[in-house]
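Have a look at the structure below, then the notes.
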Amino acid sequence: MSVSGLPHIMEEDLMRAQVYGLLSVLLRSPPDTTVLNVVKAMEGDETPFGQAVAELSRLAQETSPDDITDEFTRLFYGHGAGGELHPYASFYLTGYIYDKPLSNLREDLSRLGLARAEGISEPEDNISFLLNTMHDLITDVHGQAMDVAGQKDFFDQHIGSWAVRFFEDLEGAENAVFYRPVGTIGQLLMAIENKAFTLAA
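So for the sequence shown, our numbering puts the first residue at 3; every next one is plus one.
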């Protein structure tokens, strides 16, 4: 079933895109009041995914914005020793920032007519940018038609090869409280996508 107002997007694809988009926003910067209000209003269910969503919603309601900002800083601040985690494909795949995975990604983005926004210094292989790119490829916001095969190729090349390990590290990070269920949701999304792309192949 397609979504009203977005006739080319199936409902299940819109749901995928929404999860990619939410994770991207939460991993880009500390969530502002608008984002936190969205998270607070989310409801879960009895599934593992639903339970993780419910836990994230509960933590959004019970944790102060200042504490979430402090947690984000301790988890991700800087490229060096300042942050507990380094959310970059290059780091997870080679152990270095600004390595071959980033140059490969930039080549693919160029072919797709995509690029990071002006004024953004973060390298494009950071997890937030990649998740947002998947959101955009699913919803076709840039007018770049991307079928399931194309989505699978981008996912396999730039996300599936390392993001599960990142989300596992996030879930288990010493400084993670609010972001612990973000790690859980990310792992579950990666598992769902891997299964769906395998079945679609």
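Note that CB positions come from ideal geometry on N, CA and C, so glycine has one too.
Which of helix, strand or coil DSSP assigns to TYR90
Residue state, collapsed to three classes: strand.
Do you know offhand how far VAL150's Cα is from GLY188's?
Rounded to the nearest angstrom, the two C-alpha atoms are 20 Å apart.
Does the pairing of the segment 160-171 with the segment 62-81 give three or more beta-carbon distances under 8 Å?
With the cut-off at 8 Å, the segment 160-171 and the segment 62-81 do not touch.
Can you tell which of MET12, GLY115 and GLY85 has its C-alpha closest to the C-alpha of ASN177?
Of MET12, GLY115 and GLY85, the residue nearest in Cα terms is GLY85.
If you count every other CB in all the chains shown that lies within 10 Å of the CB of ARG113, and 16 or more means buried, which is it?
Exposed.
Enumerate in chain order the residues of its own chain whose CB-to-CB distance from HIS81 is below 6 Å, with the five nearest sequence positions on each side excluded.
Only weak support is given to the placement of HIS81: the predicted model assigns it a pLDDT of 47, under 50, and the value that follows is read from those uncertain coordinates. ILE99.
Reference ALA19, options LEU133, PRO183 and VAL184, closest by Cα
Of the candidates LEU133, PRO183 and VAL184, the one whose C-alpha sits nearest the C-alpha of ALA19 is LEU133.
Assuming PHE168 and TYR94 form a contact by the criterion Cβ under 8 Å, report the distance between their Cβ atoms to the nearest whole angstrom.
Confirmed, about 6 Å.
What do you get for VAL27, buried or exposed, if any count of 16 or more other CB atoms within 10 angstroms of its CB means buried?
Counting of Cβ neighbours within 10 angstroms places VAL27 among the buried residues, the total reaching 16 or more.
Looking only at DSSP bridge pairs, what is ASN128 linked to?
For ASN128, DSSP records a beta bridge to TYR90.
Could you name the residues of the same chain whose beta carbon sits closer than 7 Å to that of GLU126, not counting the 5 residues immediately before and after it, in chain order?
Around GLU126: LEU104, LEU107, ARG108, LEU111 and ARG118.
Within-9 Å CB hit, ILE140 to chain D:
The structure shown contains no chain D, having only a single protein chain.
When DSSP labels each residue in this structure, what does PHE180 get in the three-state scheme?
PHE180 falls in the coil class under three-state DSSP.
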